[in-house]
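Visitor: First residue of the sequence shown: 0, per numbering that gives the first Met the number 0; consecutive thereafter.
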Amino acid sequence: MPANTPLTNPTRDRIAAGLQRGFAEHGFAGRSVDELREWSGVSLRTLYKYFPSREAMVIGALEYRGATYMTWIADAPGPDHGEDHVLHILVRLHDWLTGVANIGCFFGNAMSEYPVSKDIEEITLRHKAQIVDVIRTRIVEIAPDTVPGSDIDRLADTLFLLHEGATQAARYQGVDTAIDAAMRAARAAMAAAGIGGQR
Numbered sequence: 000m001p002a003n004t005p006l007t008n009p010t011r012d013r014i015a016a017g018l019q020r021g022f023a024e025h026g027f028a029g030r031s032v033d034e035l036r037e038w039s040g041v042s043l044r045t046l047y048k049y050f051p052s053r054e055a056m057v058i059g060a061l062e063y064r065g066a067t068y069m070t071w072i073a074d075a076p077g078p079d080h081g082e083d084h085v086l087h088i089l090v091r092l093h094d095w096l097t098g099v100a101n102i103g104c105f106f107g108n109a110m111s112e113y114p115v116s117k118d119i120e121e122i123t124l125r126h127k128a129q130i131v132d133v134i135r136t137r138i139v140e141i142a143p144d145t146v147p148g149s150d151i152d153r154l155a156d157t158l159f160l161l162h163e164g165a166t167q168a169a170r171y172q173g174v175d176t177a178i179d180a181a182m183r184a185a186r187a188a189m190a191a192a193g194i195g196g197q198r
């Protein structure tokens, strides 16, 4: 994980970082207490002090993962104009999938394991909304004044869908193929909305 993730509580976030690495590599199901303690890098007592339940550990891992990914996007803003300004989020996704993890959606995996957890659902929806907001903001920054806001919202939703689809498809198609397909579809969607055409 990138080292510059903002820390709010160094000990808690260090534990959360270890947990999210463990969950990412080994999954959420059937993990033993010894595994959780090993991933956290602290004693069992300290682990439960900060995360008093298994679900709390998953939530902590999700929070850390979400903050890390949003920092990952923000730290390399890419081109400051043209359609490539918007599509740079897919470039960063490519870099993430090749350099950090290609496991599908970490948040979706957690929701599948905890389908009745409202807290996990809430943090997942909040994280996804943040990604949509980043995409929408980038579109607004390059969109002509004549483009209605509703079209911008629809385009942001479309590009978000491509972002999520590429995240999943990369496991099966390979990262380059999935991102290339998402890029082509994204450029077509932007052209159809009257946005883009400049790089």
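Just so you know, even glycine gets a beta-carbon here, dropped at the ideal spot from N, CA and C. All values derive from a computational prediction rather than experimental measurement.
#1: Which whole-angstrom value describes the C-beta separation of Y63 and A28, a residue pair presumed to lie in contact below a C-beta threshold of 8 angstroms?
#2: P9 by DSSP, collapsed to three states: which one?
#3: Would F169 and N101 be called neighbours here (beta carbons separated by less than 9 angstroms)?
#4: Which stretch, first to last residue, makes up the alpha helix (DSSP H) that contains G26?
#5: Beta carbon of T176, beta carbon of G103: below 9 angstroms?
#6: Could I get the ranges of all uninterrupted alpha helix (DSSP H) runs contained in the region 121 to 167, with 4 residues as the minimum, in chain order?
#7: So, F105 versus I134, is the Cβ gap smaller than 9 angstroms?
#8: Within this structure, are the beta carbons of R153 and V85 separated by less than 9 angstroms?
Guide: In this structure, then:
#1: Between A28 and Y63 the Cβ distance is about 20 angstroms, and since that is not below 8 angstroms, they are no contact.
#2: helix
#3: Sequence check: residue 169 is Ala here, not Phe. Cβ atoms of A169 and N101: closer than 9 angstroms.
#4: From DSSP, G26 is part of no alpha helix (DSSP H); its letter is neither H nor E.
#5: no
#6: none
#7: no
#8: no
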